[in-house]
Amino acid sequence: MDDAFIELASVDGEITPTGVATIGLKDDGLYRGDGAFEVIRVYAGKPFALVDHLDRLGRSSASISLEFDRAALTREIDMLLAEAGEIEGQLRLIVTRGGRRIVATEPIPTHAESVSVASITYQPTVILTGVKSLSYAANMEATRLARARGADEAVLVRPDGTVLEPPTSTIFWATRDGVLRTTALEAGVLDSITRDRLVEALEVEEGAWRIEELHAAAEAFLASTTREIQAVSSIDGEELPAVAGPRTREAQEAFAATLAREL
Ligand SMILES: Cc1ncc(COP(=O)(O)O)c(C=O)c1O
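Given below as structure tokens:
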């Protein structure tokens, strides 16, 4: 299906195939990663949680003193979705310091049923914590560092040993006595929309947990717009006792029910 996916982009309302879409070179969105973005899942042409994503884009932009025209962006999203048809894909929104509004359709990246993770030390910056800014180079490098250690994905851990999140998702895990846990937002993680829906639907203990507690998990999973719910197979080279264990399957079912209800 991906071969047939036609990627389209809107730049300030002008729609073209993404491959030929352009913005001016001298945009600090490019020169300095100064801007904000969102990735939204589109199911059969319908965007999931669009308002939440626009709200978060508003908060990210406000955090870096960047204004954008939300009404214009919303119109451009509608126009692009109408042009794209009933796609199974995702929508990338970008607002740049140079003032460009970009909306682009993309195929969903393929994700295996389970993923191995390696802990990578990371110190959140105070100013950009919880902000989906265009400055994601550290997140991308963390994944490469994890891959160099033989894992599929990173889990960012503060120098003091507090578990944060993977570079583009949230991590949940179950303790040996079945308590589902995830990092509290205050510890310095993104207010993930998938996380929000799971915290609503399931009993989840939020807190600041140490890496040793994650190592002792009975099962774990990653949650995000593109991954939905993906089982974790191993952490720092140690296999987890259950891969797609009961709490992971419960989360998958709860998220599927949320999608069915909201779409
Ligand atoms: C740092 C980070 N954490 C978590 C997530 C998951 O957020 P969402 O569920 O809103 O996709 C993302 C999404 O890309 C992210 O970049």
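Just so we're aligned: 73 in this note's numbering is position 91 of the sequence shown, and the numbers increase by one with no gaps anywhere. We put the CB at the ideal spot given by N, CA and C, even for glycine. Just so you know, these numbers come straight off a predicted model, no measurement behind them.
| Asked | Found |
| --- | --- |
| Meets three-Cβ-pair contact criterion under 8 Å: the stretch 24 to 44 and the stretch 8 to 16 | no |
| Endpoints, the beta strand (DSSP E) within which Ile211 is located | 210 to 217 |
| Boundaries (first-last residue) of the alpha helix (DSSP H) holding Ala120 | 119 to 130 |
| Proximity test, Ile193 beta-carbon vs ligand 2 heavy atom, cut-off 7 Å | Absence of ligand 2 is noted for the structure shown, with ligand 1 being the only ligands found. |
| Cβ contact check for the stretch 39 to 47 and the stretch 107 to 126: 3 or more pairs under 8 Å | yes |
| Beta-carbon separation (whole angstroms), Thr165 vs Leu146, contact threshold 8 Å | 6 Å |
| Glu(-11) beta carbon near ligand 1 (any heavy atom closer than 7 Å) | no |
| Rounded separation between Pro149 and Ile102 - CA only | 10 Å |
| Proximity test, Ser117 beta-carbon vs ligand 1 heavy atom, cut-off 7 Å | no |
| Residue from Lys8, Ala(-9), His93 with nearest C-alpha to Val2 | Ala(-9) |
| Rounded C-alpha distance that separates Gly219 from Ala54 | 48 Å |
| Proximity test, Thr125 beta-carbon vs ligand 1 heavy atom, cut-off 7 Å | no |
| C-alpha distance - Glu187 paired with Tyr104, whole-angstrom precision | 23 Å |
| Cα-Cα separation between Leu172 and Ile(-3), rounded to whole angstroms | 30 Å |
| Buried/exposed call for Gly132, threshold 16 Cβ in 10 Å | exposed |
| Neighbourhood of His93 by C-beta, 8 Å cutoff - its chain only, sequence neighbours within 5 removed | Thr208, Arg209, Gln212 |
| For Tyr104, the three-state DSSP class (helix, strand or coil) | coil |
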